[in-house]
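**Student:** My questions all concern the structure below.
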Amino acid sequence: MRLPWRLGLALLLALTSRATGQDIPLEVEQLPTITAQTSGSVIAFPVEDTFTMRCEAKGNPTPKYRWTKDGQDFDPSQDSRIKTEEDSGGFVLQGKYLTLFQGRYRCYAYNKLGTAMSEETQLIVPAVPKFPKEKLKPIEVVEGQPVVLKCDPPEGVPPRQIYWMSIGLQHIGQDERVSMGIDGNLYFSNAVEKDSRKDYCCFAAFSAIRTIVQKTAMSMIVKSLKPDGQLNDTEAGEAISTPGRIPSLLTPPGVQSEVHLVKGEELELECIAEGFPTPVVEWLKLGEKLPMRTNVKNYGKLLTIPGMAEEDEGKYVCKARNSVGEAVHYFDVLVEEPPSWLSGAPKSQLALIGEDVHIKCTATGKPKPAIVWRRNGQPLDDALITRSQVFEDTIVLHNARPEDSAVYQCEASNRHGTILANANIMVMNMPPVILSKGYQEYGAVRGGDVVLVCTVFGSPPPSISWKRLDTGAAVEGRERFSISQNGSLTINRAKKDDIGEYVCLATNTEGTSAITASVEVKEPTRIVQPPKDLEVLCGTNAKLECQVEYDITLMRDYKLVWTKDGKRVPVAFTEESRYFVDYGTLNIVNVNQSDEGRYTCTATTSLDQDTASATVTVLDVPDAPEDLELSERKTRSVRLTWVPGNEHNSSVSEFVVEYEENQWVPGKWRQLQRVPGNQATVVLELQGHLNYQFRLYAVNAIGEGPPSGPTERFKTFPAAPDKNPENIRIQGHLPHQMDISWDPLLPVEHNGPGLEYKLSYRRLGVEDGWREHLVKRHSFSVKDTPTFVPYEIKIQSRNSHGWGPEPKVVTGYSGEDVVFWHCLRDNVSVPTAAPRDVAVELVNTTLLRVSWSRVPQATVRGHMGGYNVHWTRRWSLLQPDRLQEEKYSLSFPGNRSHVLVPGLRPYSEYRLTVNVFNRKGNGPSSDPVTFQTPEGVPEQVPILTASNAQSDCITLVWAPPFQAHGILTGYLLQYQPVNETLDVGDLREVKISGSDTTQWLLRGLQGASLYRLHLSACTQEGCGPALSQEASTLTLARSAGLQDTISTQGWFIGVMCAVAFLTLAALAACFVHRNKGGKYAGTPPPPLPDMPSSDPVKEKEDLNPDEESQGGNEDTCEYSDKEPLKGSLHSLGGGGGSEDSLVDYADGEGTFDEDGSFIGVYSGHKQRGSVDEADVEAPVST
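Residues 19 to 1200 (the numbering used here) make up the sequence shown, in order.
So, in structure tokens, the structure goes:
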């Protein structure tokens, strides 16, 4: 009954050793264990610098090393050509000496307790393969007989490939009759005369060492069977003179052979037969079909099966047959395996003195492996065999003693390989040794877990228990306390009550050991204000907040780290860095596209950490379109196709196509066509006779992107003009004369060479034919016309390729009666004097009072028409290095000395001149006056979006105003709640400082509420008009669940982009509308943001003189017309019925509102003034 008990205990100890044997601490004496080694067959090349033979081991005492080479002791330290490694048993061979050290090596690591042995390593140093130098006699063979040309290739580093070629490196042709075997020989089933040649060469290629070697060329002579003098008719000759021959195998020899290969290798069976006619080879497997993965190569002579398995074993047959007979060969194929451990390699064990120890070494393989046992690297001695039982695969140590402690080696071998295992058997009794440090302090966060380590070694294995030092009570079995197999105590969900000291007690039959550890419970680290998802305009700044609460006692170890997409953000407080952290907040300066991504802040202490993440989306103008391509080329049109660039998170609203032509204005790009943003192709209708190239840019809510590169040139064919002249003007400057002028076609509208105009006119209302003139100028005078009679006029363009479309007919009048002109006498001309003492006085940021000294009446040289005021906006004071040169002018009828000029832009520099004009034209300009306008209030911000709504806050993102009218000081944000009946609550406001701020987190809002938001930009002069937006906060319950999803939903982003696009579109429409026509005769001033749109300028026939406006005129001419002319300053608001005139403004009697706007001009009244004659056209500066 004792033996089973001993065996059971030994097995139990073996199981225990599997868990702890490899973890015996180095503080305890232990056997050597090899941890690193060079094993197997190793090929080393002499060209290498060095080769290292490794052997490393651990143990206590520290192991020493010895080597054997080819079974003999070998000491590397005694050879000066070998360098030994100090921290291990390895050594380094120099490349140039490698050939001298070929052989089989084994390393032994030993200390006073035993010896571990490494696997055997074979070092192979291949020499350069060579064919032997030999002189070969010619091979003679009778026609129809077989012949074999032997290659006998040299051995070398695999892989090796064999080729048969001629001296000229032409491959020898192979077929069913002639083929190369796997041994490299060239086989001829039957020779023919054409096989005769003197340069059969065998080449062996070794790709691993990049070497090709050549065998001495062989000569083969085939003797013909034909009688002398017979013609070389091969088919007839062979049929007549070559007798048939039964096939026989050139390879393999005999009728049966045995093939052994390792499982998983590829099977190669070869049958090459001789005979006449040439035999055909057939393959089969006795008793079953060939495997599906079978391949037949080399004209049917080679059978291969990859990945051989046991089920592929059997008898394979090759049959070579021709019309005379057949030959057969049988292959007995055996699939075998190298040795392997059946249930794992033998394990190291820790046994008690007096117990039985079983060392089991079970290996499998085919053929069955032979087992060889060693102890400390030596064969088992007789003494051990006497008191132990040694079976083929098991050693049983009865009543084990400490001197039985050793390294036992088990080596299993068959013809396919060898495997080796070292099993460390330690027979010892030892009281518990606690390896963990005593009085260790462990920290935990409240609610977290803490592990108190108590690593113990002993034999037999000690039992471990824990208790509180202050109460002496055991903790095992208590809720939240657990002891693991390695002795560690885990406290789950730690509380403040767990603070204190704990004792680890280890006990076995040999003794007891204990250590004390203490526990401190800290407050957890929490991110109380995590970063929020942001949408940021490129070029602005971004802020990501991360406010953290942590235990103050952990301040020394506290760290806050920001990462972007898993990589650390390069935070630095230098001028070059764009990233810096201020009290936990990550600041990103001058945001660009590379800043887009997922940002994570990680707050870490020595005990725990917390993380929070947010996504930064960068909004920017779109990238330039790419891959522009022209197609569908026609005479006057072409299709342009492109690939849109990156939209940068703001949908493209449109593409703008521009063109440049190199005939009239080379190098200047002009707008050709606008294309909706959802298209990437357009057909361009073009003018004729131009050499175009095209480019385009994209527009989104942020602005215009950069232009693309230009396309190749596209030249259109010439054609007749597409249009006729426009803006035909008919005037009567002199009696009995009618002056006709028109706007000529632009050069790009000519469509071809030789442009001219056909002017046709006739009297209206009488039977009169058309009178025609061909002119190249864009004006014509008709002489000797009746006084003030109507005419019909039409003008048609033409070039060398044809006429333009049928022109429209316009009506005009010839010159007035000479009585009307009697006061002008014969010296009518333009004025000769310029106004003097020109002075300006700024009424406000947009309105100017201009005064001057009247010119003498004698210098007017005719009837005074009035004064022109010309002013040029030179630049904005925000961009003094960017020249603007925006020119404007106003005409003021009558003889006056001061006027009010509206429509100036704030914070700009202007230059102003004044000149007098009469019916003939303008007089000289006054000396220029330069002045600057003060700062004004900014324009409305173009876009305002609300996103990332939470229960108590909303994130606002906006773009700065296009025109700041001064230096931006910040923004004014006003907001008020809106209830269900659309009543608004109290208006609250937030002043946002910083001109570069384009986003704001509005806090302190009520959940599930609608708010109306108003944002305006501000300068020192005040805040501009506000842009309004409505947004709702979430309920508290939905805020947590929807926080990360709302701002990333496609519909939400789409709505926001649509709002932004419509806002910009409305702004653009207003801008275009208010710039369509001037409010005065001449070029209009730029409209202000709050001004209503103006009516078009009145037609010329409405411009009749107003007698009241001439009160200060000293001209003595008498007027014969009855109806006064209306002023050249027309209604700005579209209203009618007002009799206010520009004279009132010129006299300074207009009124102004609080911000200085000119009420008289912009309140919607129709304004009237006076000029001298209806047909006067004041010159306009552009």
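Glycine is no exception: its CB is placed at the ideal position from the N, C-alpha and C atoms.
1. Which two residues bound the contiguous alpha helix (DSSP H) that contains I403?
2. Classify R574 as helix, strand or coil using the three-state DSSP reduction.
3. Would the beta-carbon of S431 fall within 8 Å of that of P387?
4. Do V634 and L578 have their C-beta atoms within less than 8 Å of each other?
5. Reducing DSSP to helix, strand and coil, say where G1152 ends up.
6. What residues match up with G58 in a beta bridge as DSSP calls it?
7. Below 8 Å on the Cβ atoms is my contact criterion, and I expect T404 with H376 to pass it. Report the Cβ-Cβ distance as a whole number of Å.
8. Within its chain, find whatever has a CB closer than 7 Å to the CB of N718; leave out the 5 residues flanking it on each side and keep chain order.
9. Strictly by DSSP, which residues pair up with L302?
10. Taking E344 and P265 to be in contact with their CB atoms under 8 Å, please state how far apart those CB atoms are, rounded to whole angstroms.
11. For M882, which beta-bridge partners are listed by DSSP?
12. For G883, does the count of other Cβ atoms within 10 angstroms reach 16, so buried, or fall short, so exposed?
13. Considering W760, what are the terminal residues of the beta strand (DSSP E) in which it resides?
14. Distance, Cα to Cα, M183 vs Y348?
15. For L782, which residues in the same chain have their Cβ closer than 7 Å to its Cβ, ignoring the five residues on either side in sequence?
16. To the nearest angstrom, how far is the alpha carbon of V959 from that of A982?
17. Which of the three DSSP states, helix, strand or coil, is assigned to T863?
18. Do the region 985-999 and the region 566-583 meet, that is, are 3 or more Cβ pairs less than 8 Å apart?
19. Keeping to the same chain, check which residues put their C-beta closer than 8 Å to that of F735; ignore five residues upstream and five downstream.
20. Compute the Euclidean distance between the alpha carbons of I606 and V975, then round it to the nearest angstrom.
21. Thinking C-alpha only, which one of L777, Y1029, N608 and A338 is nearest L320?
22. Excluding the five sequence neighbours on either side, which residues of its own chain have a C-beta within less than 8 Å of the C-beta of Q120, listed in chain order?
23. Can you check which of these residues, L402, N394, W359 and V1008, is closest to A381 by C-alpha distance?
24. Please say whether F206 and R195 have beta carbons closer to each other than 8 Å?
25. Report the partner residues of P79 according to the DSSP bridge assignment.
26. Around the Cβ of I371, are there at least 16 other Cβ atoms within 10 angstroms (buried) or fewer (exposed)?
27. Spatial neighbours of R99 within its chain, please: CB distance less than 7 Å, with the 5 preceding and 5 following residues excluded, ordered by chain position.
28. Closest to A738 by C-alpha separation, out of T473, P171 and Y775, would be which residue?
29. Any idea if T963 is buried or exposed, counting beta-carbon neighbours within 10 angstroms, 16 or more meaning buried?
30. What residues match up with W976 in a beta bridge as DSSP calls it?
31. My assumption, with CB atoms under 8 Å, is that L368 sits in contact with M444. Please give the rounded CB distance.
32. Among V390, N886 and D945, whose alpha-carbon lies nearest the alpha-carbon of Y906?
33. Is L268 helix, strand or coil by DSSP?
34. If you follow the beta strand (DSSP E) that G465 is in, where does it begin and where does it stop?
35. Report the CB separation of P487 from G456 in whole angstroms; it is logged as a contact under 8 Å.
36. Where does Q1047 land, buried or exposed, given buried means 16+ other C-beta within 10 angstroms?
**Tutor:** With the given structure in hand:
1. Looking at the DSSP string, the run of the alpha helix (DSSP H) that includes I403 is D400 to R405.
2. The answer is helix: DSSP assigns R574 an H, G or I state.
3. With a cutoff of 8 Å on beta-carbon distance, S431 and P387 are scored as near each other.
4. At a Cβ-Cβ threshold of 8 Å, V634 and L578 do not count as neighbours.
5. With a pLDDT of 36 at G1152, under the threshold of 50, the modelled position of this residue cannot be trusted, and the question is left open.
6. According to DSSP, which records beta bridges pairwise, G58 is partnered with T139.
7. Contact doesn't hold; Cβ gap of about 18 Å is too wide.
8. Excluding residues up to 5 positions away in sequence, V639, P640, E665, S668, S669, V670 and S671 lie with their Cβ nearer than 7 Å to the Cβ of N718 in the same chain.
9. Note: L302 sits in a beta bridge opposite V335.
10. Indeed, because the Cβ distance is near 6 Å, the residues count as touching under 8 Å.
11. Beta-bridge pairing links M882 to N936.
12. Classification of G883: buried, given that the 10 Å Cβ count is 16 or more.
13. Run containing W760: Q755 to D761, per the beta strand (DSSP E) assignment.
14. Across the structure, M183 and Y348 are spaced so that their CA atoms are roughly 33 Å apart.
15. These residues qualify, in order along the chain: P808, Y809, E810 and T829.
16. V959 and A982: Cα-Cα distance of roughly 9 Å.
17. It is coil, neither helix nor strand.
18. Judged by Cβ distances under 8 Å, the region 985-999 makes no contact with the region 566-583, as fewer than three pairs qualify.
19. Contacts found: T653, R654, G706 and H707.
20. Rounded to the nearest angstrom, the two C-alpha atoms are 16 Å apart.
21. When only C-alpha atoms are compared, the closest one is A338.
22. A distance below 8 Å between beta-carbons, with the five flanking residues on each side excluded, links Q120 to the following residues of its chain, in chain order: L141, I142 and V143.
23. For the residues L402, N394, W359 and V1008, the minimum Cα distance to A381 belongs to W359.
24. The answer is yes: Cβ separation under 8 Å.
25. Per DSSP, P79 has no beta bridge partner at all.
26. I371 sits exposed, since fewer than 16 C-beta atoms from the chains shown fall within 10 Å of its C-beta.
27. Beyond the five residues adjoining it in sequence on each side, R99 comes within less than 7 Å, by CB distance, of Q112 and Y115 in the same chain, given in chain order.
28. Of the listed residues, the one whose Cα sits closest to A738 is Y775.
29. With 16 or more Cβ atoms within 10 Å of its Cβ, T963 is classed as buried.
30. In DSSP, W976 forms a bridge with L962.
31. Sure, about 5 Å apart at Cβ, within 8 Å.
32. Closest by alpha carbon: N886.
33. In the structure shown, L268 sits in a strand (DSSP, three-state: E or B).
34. Counting along the chain, G465 falls outside any beta strand (DSSP E), and DSSP gives it neither H nor E.
35. For clarity, residue 487 is Leu in the given sequence; the question names Pro instead. That belief does not hold up - the Cβ atoms of L487 and G456 are roughly 12 Å apart, past 8 Å.
36. Answer is buried; the Cβ neighbour count reaches 16.
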